[in-house]
Amino acid sequence: MADDVKRVLVVDDEDDLTWSISKHLAKDKDKYDLICVNSGKKALEVLSQLPVKLVISDIRMPEISGLELLSRIRESYPATKVIIMTAYGSSEVHEEANVRGCFKYIEKPFEITDLRQLILEAIEEKRGFMGTISDFQLSDLIQMNCLGRMTTALLIAGEDYKGTIYIEDGNIVHADCGDRDGEEAVFEMLAWEGGNFSTERGKRAPKETIIKGWQSLLLEGMRRVDESKPGRMEIGGKLAKTQREISRILDKLVTLKGVVLTTVFDPEGFPVASQINSASPRQYGIQELTPIISGLIKQVDSIGQDLKVRQPKSISLEFDEAILRINKIQDRKEYLVILAENKINIGVLTLEAKKNLRKLSRILEK
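Structure follows, in structure tokens:
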């Protein structure tokens, strides 16, 4: 019979602390069994005899330190989560704990209510779907996690390679594969042809090596992949020319009084080209707007499918201080997006958008 008991193991060489923790957490005895020991050696003995859901360990202990205990747990009991307690909260300690697979850490002195909340979060059963996805690209997986504002580590592996991409709150912050890290590691993995992936939700990066937006990273990575393929140099040059021609049209649109930003999105929700009015008092970055606009288009498209009225031709939203226009480019799957101040002349905006939609359609058809 499977052991369904949730156990929490507290490890600290200070008897007073383990006694205090056990006393205050007694109220949760209906949620988990609490075990307290005073050394890393004792902790390993418990782990060898009983399945443990969560280990909470001090970092400075004789014989076996908290970091060493963490490494052994990761190696022998990968399903067990570890929270590190420390009074030495330097960035180096945090980085080392993250590298070794720490779930969370909490600095002494701490409020017992904070520790209690961490424990309840750690032992909570979060059941999700498991399965196999075919014809799924790494870029799709990255986009899904970034748009969902996830914090996770994507573990990518093939026959002769493996790497990890770290996403925090929907932003790619670090990646490593072999002797490469940062942006170059992302580009390397995007070029891999097939493989397997798994995720470690909640796992944070050991360091931050990437500040560029995930959309820009994917666009650059896919451009490199495209150009590296035999016979694709001409296509790559054609793509760059198309982007330049689109940018010229967006340049003209963004000069209209009241226009804040103009962008063309491809069918997958990535910006092909964009222009921002630097003189506008309302400043946005395409990086922060991309997931919002992309998500809106997909939601409206889903509504159209539910209503059996096919794809939307345009979306118009008027706010107290701004207007958002999204127009499907004629005979294409791309969209023209215009964000403007609410004081703009609607008639002029509509006329200019309609005129340039035809031009964009011709450029994209080339």
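Quick note: to get our numbering, add 11 to the position in the sequence shown (first position is 1).
Glycine residues also receive a C-beta, built at the ideal position from the N, C-alpha and C atoms.
Being a predicted model, the structure only gives us computed values, none of them experimental.
How far does the alpha helix (DSSP H) with residue i in it extend, from its first residue to its last?
{"i": "Q148", "result": "Where Q148 is concerned, there is no enclosing alpha helix (DSSP H), given that its DSSP letter is neither H nor E."}
{"i": "K377", "result": "Unbroken run through K377: none, as it is neither H nor E."}
{"i": "G193", "result": "Counting along the chain, G193 falls outside any alpha helix (DSSP H), and DSSP gives it neither H nor E."}
{"i": "T124", "result": "I123 to I134"}
{"i": "K52", "result": "G51 to Q60"}
{"i": "E79", "result": "G77 to S87"}
I'd like to know whether the C-beta atoms of residue i and residue j end up nearer to each other than 7 Å.
{"i": "H35", "j": "I130", "result": "no"}
{"i": "K92", "j": "F121", "result": "no"}
{"i": "Y177", "j": "A168", "result": "no"}
{"i": "L350", "j": "L362", "result": "no"}
{"i": "A54", "j": "V22", "result": "yes"}
{"i": "H185", "j": "E231", "result": "no"}
{"i": "S209", "j": "L166", "result": "yes"}
{"i": "D24", "j": "M72", "result": "yes"}
{"i": "L378", "j": "V57", "result": "In the structure as shown, the chain begins at 12 and stops at 377. Residue 378 is therefore absent and cannot be evaluated."}
{"i": "L201", "j": "L158", "result": "no"}
{"i": "R160", "j": "G181", "result": "yes"}
{"i": "K52", "j": "E74", "result": "yes"}
{"i": "K119", "j": "A98", "result": "yes"}
{"i": "G315", "j": "P302", "result": "no"}
{"i": "I340", "j": "I326", "result": "no"}
Tell me the DSSP bridge mates of residue i?
{"i": "P217", "result": "BP columns for P217 are empty, so no partner."}
{"i": "S325", "result": "N338"}
{"i": "D27", "result": "Partner(s): none; D27 has no beta bridge."}
{"i": "H185", "result": "Y177"}
{"i": "P282", "result": "F276"}
{"i": "A333", "result": "E352"}
{"i": "C47", "result": "V21"}
{"i": "V270", "result": "A351"}
{"i": "D346", "result": "The identity of residue 346 in the sequence shown is Tyr, whereas the question assumes Asp. Paired residue(s): F276 and K339."}
{"i": "I287", "result": "L272"}
Any heavy atom of the ligand MG within a distance shorter than 6 Å of the CB on residue i?
{"i": "L350", "result": "Ligands in the displayed structure: none, and consequently the ligand MG is not present."}
Just mark residue i as buried or exposed, buried being the case when its beta carbon has 16 or more other beta carbons within 10 Å.
{"i": "N353", "result": "exposed"}
{"i": "S289", "result": "exposed"}
{"i": "Y172", "result": "exposed"}
{"i": "K365", "result": "exposed"}
{"i": "R369", "result": "exposed"}
{"i": "M244", "result": "Summary for M244: the model assigns pLDDT 43, below 50, so the residue's position carries little reliability, and this model does not support an answer."}
{"i": "R212", "result": "exposed"}
{"i": "G189", "result": "exposed"}
{"i": "I246", "result": "At I246 the pLDDT is 43, less than 50, meaning the model places this residue with poor confidence and gives no usable figure here."}
{"i": "S285", "result": "buried"}
{"i": "S31", "result": "exposed"}
{"i": "V271", "result": "buried"}
{"i": "L318", "result": "exposed"}
{"i": "E199", "result": "buried"}
{"i": "A90", "result": "exposed"}
{"i": "L347", "result": "buried"}
{"i": "R18", "result": "buried"}
{"i": "G142", "result": "Caution applies to G142, whose pLDDT of 49 falls short of 50 and renders its modelled position unreliable; the model cannot decide the point."}
{"i": "L261", "result": "buried"}
{"i": "T266", "result": "exposed"}
{"i": "N367", "result": "buried"}
{"i": "L61", "result": "exposed"}
{"i": "D187", "result": "buried"}
{"i": "V275", "result": "buried"}
{"i": "D69", "result": "buried"}
{"i": "I374", "result": "buried"}
{"i": "S381", "result": "No information on residue 381 is available, as it lies outside the stretch 12 to 377 that the chain covers here."}
Residue i lies in the beta strand (DSSP E); which residues open and close that run?
{"i": "S209", "result": "N207 to R212"}
{"i": "S68", "result": "L65 to D69"}
{"i": "V22", "result": "R18 to V22"}
{"i": "I222", "result": "Segment: none, I222 is in no beta strand (DSSP E) and carries neither H nor E."}
{"i": "E118", "result": "K115 to E118"}
{"i": "M96", "result": "K92 to T97"}
{"i": "A202", "result": "Where A202 is concerned, there is no enclosing beta strand (DSSP E), given that its DSSP letter is neither H nor E."}
{"i": "T163", "result": "T163 to A168"}
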